[in-house]
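Using the numbering used here, you'd call the opening residue of the sequence shown number 1141 and step up by one each time. Beta carbons are placed, not taken as given, at the ideal position from N, Cα and C, and that holds for glycine. Here the structure is laid out as structure tokens; the discussion comes afterwards.
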Amino acid sequence: MIAVGALKGGTGKTRLAKLIALFLAVILGRKVVMFDADSTSQTTSKWPVKAAMRGYSPWPFEVIRHPFDSLDKEIDAVLARGDVDDVVVDVGGGNYDCFLAAVRRVNILLIPLCPDEGDTEQAPQTRQAVLMGAALNTTGEPLSMLFVLSRCENSNDPVDARARLLEEDQEGGPYPLLETEIPSLVAYKRAYGRIPGPATEGFEDREMTAKDAERPRWKDLKNFIPLLVEAEIITRQQALGTGLIIERELEKVSL
């Protein structure tokens, strides 16, 4: 159970959450349910409709819109069905109660931050909210709270942001910040509104899709697969097994 969330909008969390769900469903062939729990946007819910208009059909995972503080109960209902491998939640945008409900049920929480002072100044409130929700987490497993710098341009901003977040003397100590950073590249923006890869006749043909269509586009998403490995969403062996990345490209990924 994975959530990508932040109490501040505009950090790229929806884009990242959808790409994670797509990777698990399309590349690994897992049964995924994604919750659109962002009360200020319906992007995740609208994406399958827009993709179908562009010829991407059928949609490879189930999408449920539920931006309410009963999100934890909705997740429980889905898990009780017994037919789901992964739950991915897109949550945040200032919906504090819904954010807490997600934290109560997930195992991994990715918190994207843009590398500017406006975002990093919000980090203490987000961390405090996570700690409150984690106290009532009922998954039976430790919650991994992981911050990731997103929308990083070629400037000193990511360097400065990393220094601020890893400062030892700040209240609460340094943040659990991933080494991997998500760049602001055309490939990510292109993938935002459609499935990476051209339209194909049926996603059930995994071999054809992975071999002929998906791989070149997934490779365009710089640092995406290393991020999945570092966050322990997938294993290093699973990453290498997709054929989308080589060992040398994972050398800097720490676990």
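Name the DSSP bridge partner or partners of residue i?
i     : result
D1209 : Note: D1209 sits in no beta bridge, so no partner.
S1324 : Bridge partners of S1324: none, in fact.
A1146 : G1232
P1264 : Beta-bridge pairing links P1264 to no other residue.
M1134 : Missing from the structure shown is residue 1134; the chain here goes from 1141 to 1395 and no further.
L1286 : L1250
L1317 : F1287
Looking at the secondary structure, which residues open and close the alpha helix (DSSP H) in which residue i lies?
i     : result
M1141 : Neither: M1141 is in no alpha helix (DSSP H) and is coded neither H nor E.
F1364 : F1364 to E1370
V1189 : T1183 to M1193
L1306 : Here L1306 belongs to no alpha helix (DSSP H), and DSSP marks it neither H nor E.
Cα separation between residue i and residue j?
i     : j     : result
G1150 : Y1328 : 14 Å
V1369 : F1208 : 30 Å
A1350 : E1308 : The pLDDT assigned to A1350 is 48, lower than 50, so where the model puts this residue is not dependable; a value taken from the coordinates is nonetheless given after this. Cα to Cα, A1350 sits roughly 44 Å from E1308.
P1264 : K1213 : 27 Å
A1339 : A1191 : Low confidence applies to A1339: its pLDDT is 48, below 50, so where it sits in the model is not reliable, and the reading given next is rough at best. Near 9 Å, if we compare the C-alpha coordinates of A1191 and A1339.
P1282 : G1313 : 19 Å
L1276 : G1195 : 43 Å
By Cβ distance below 6 Å, which residues in the same chain neighbour residue i in space, the five residues on each side in sequence not counted?
i     : result
S1284 : I1248
R1304 : T1260
A1165 : V1172, P1200 and F1201
V1393 : P1366, V1369 and E1370
Excluding five sequence neighbours on each side, which residues of the same chain lie with their C-beta closer than 8 Å to the C-beta of residue i?
i     : result
S1210 : A1241
D1223 : K1171
Does the separation of the CB atoms of residue i and residue j fall below 8 Å?
i     : j     : result
I1365 : I1142 : no
P1145 : V1231 : Note that residue 1145 is Gly in the sequence shown, not Pro. Yes.
V1288 : L1250 : yes
A1399 : L1159 : This structure does not reach residue 1399, given that the chain is present from 1141 up to 1395, and the question cannot be answered.
Got a sec? Which residues, its chain only, sit under 7 Å from residue i by beta carbon, not counting five neighbours each side?
i     : result
G1152 : P1252, S1290, R1291 and I1322
Hey, quick one: how far does the beta strand (DSSP E) through residue i stretch, first residue to last?
i     : result
I1251 : I1248 to L1253
Looking at the C-beta of residue i, does it have a partner C-beta in chain C at a distance below 8 Å?
i     : result
R1388 : No chain C is present in this structure, which holds just one protein chain.
What do you reckon, is the C-beta of residue i under 7 Å from a heavy atom of the ligand GDP?
i     : result
V1270 : With respect to small molecules bound, the structure shown includes none, and the ligand GDP cannot be examined in it.
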